[in-house]
Structure formats: structure tokens, C-alpha cells
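Numbering (the numbering used here), first residue to last: 1395 to 1537. We treat Cβ as the ideally placed atom computed from N, Cα and C, and that holds for glycine. To keep things clear, I will list the structure first and then write my remarks on it.
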Amino acid sequence: MGLNEMKMTVKDITEAMTDSHDGFTELVTDSVSFRLGRPLTDEEHLMIYNITECAIYYALNQLKGNSENTDKSLTPEQFNDLADYLYCCGVFSRSGGIQGKEFLSLTVIDEPTDEPDGRKIYLRDSYPFAVYDFDTGFTILRF
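Structure follows, in C-alpha cells:
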């Protein structure tokens, strides 16, 4: 099975993380390090750990049918971590990077700030897809 053919379900991720969150996180960091072609910094390891923590939280709530926490706002730190992930792994595509039907299908998360032109993170199928900076454009995950 090739890299593009491997698909994990929320159940697979939840079971793996429940059994060994640290072990799974190390697998993810190894994979990211391999794709980048370099060792990860301590900051990058922490960022990946936080992302997998959010994935566990989301997956558990989905599997339990717990809707009371699914609309919980991100803290500024969580928003920044997610935006940093998108910047690191995404491709800058200016302001026209997302158009038409694709744009309409996305869910937006506004930056938790009083800034009227704050950043926006776009989700596709509940997964981080892009970050938008006002007057600059989109950085989009392209795998």
C-alpha cells in the first residue's frame, strides 16, 4: 500500500492514541521529520503533540456523541498553534487560493482577538485546511 492509499479513520486514530498517545505522537513526528528531510525542533515536537491532543479530544467527543463541547472556541494559543501548523505545512496561494464551491463548503474559525481583520482558519470536513491573513492571502494544505 502506497503513502497516498493509507487512510486512517477517526476510530483508528482514537484507538491508537488511547493505547499509546506518546507512542503515536512519536510516529507522527517521525513521519513529519521524514517528509521534511530534517530533525524536528523541540518547538515542532510540542506543536505536533498539541495537534494530536486536539485530535483525541475531537475524536472522543464525536464517538461519544458529545455535542456540548464541539462548538467550544479555541484559545488564542490553540489558534496560533493551528495557524503555525498550516503555515509550516501549507503552500501560500495569495488571496484567490480558494474559490467557488470549495470556498462555500469550508467552515471558518475567526482568530480569538478584538482585531477586526484578524486571521481566519478554514476547516474542510472538520480538518484544518487553510489560514487566511487579511490583505495577504491563503496558506493552504496541499497533500
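Exposure of residue i, with buried meaning 16 or more beta-carbon neighbours within 10 Å
| i | result |
| --- | --- |
| Gly1490 | exposed |
| Leu1476 | buried |
| Phe1497 | exposed |
| Ser1520 | exposed |
Beta-ladder partner(s) of residue i, from DSSP
| i | result |
| --- | --- |
| Lys1514 | Asp1504, Tyr1526 |
| Tyr1479 | Note: Tyr1479 sits in no beta bridge, so no partner. |
| Leu1535 | Gly1484 |
| Tyr1521 | Arg1518 |
Beta-carbon contacts of residue i that lie in its chain and below 8 Å, excluding the five residues immediately before and after
| i | result |
| --- | --- |
| Phe1528 | Asp1511, Gly1512, Arg1513 |
Inter-residue spacing [alpha-carbon to alpha-carbon] between residue i and residue j
| i | j | result |
| --- | --- | --- |
| Lys1458 | Leu1480 | 28 Å |
| Glu1505 | Pro1470 | 7 Å |
| Cys1483 | Thr1507 | 24 Å |
| Arg1488 | Gly1531 | 4 Å |
| Ser1425 | Val1485 | 19 Å |
| Leu1434 | Thr1533 | 21 Å |
Neighbourhood of residue i by C-beta distance below 6 Å, restricted to the same chain and skipping five residues each side
| i | result |
| --- | --- |
| Tyr1516 | Leu1500, Val1502, Phe1523, Ala1524 |
| Tyr1526 | Lys1514, Phe1532 |
| His1439 | Thr1423 |
Close-in-space but distant-in-sequence residues of the same chain around residue i (CB under 7 Å, 5 per side omitted)
| i | result |
| --- | --- |
| Ser1467 | Pro1506 |
Span of the alpha helix (DSSP H) around residue i
| i | result |
| --- | --- |
| Leu1498 | 1494-1498 |
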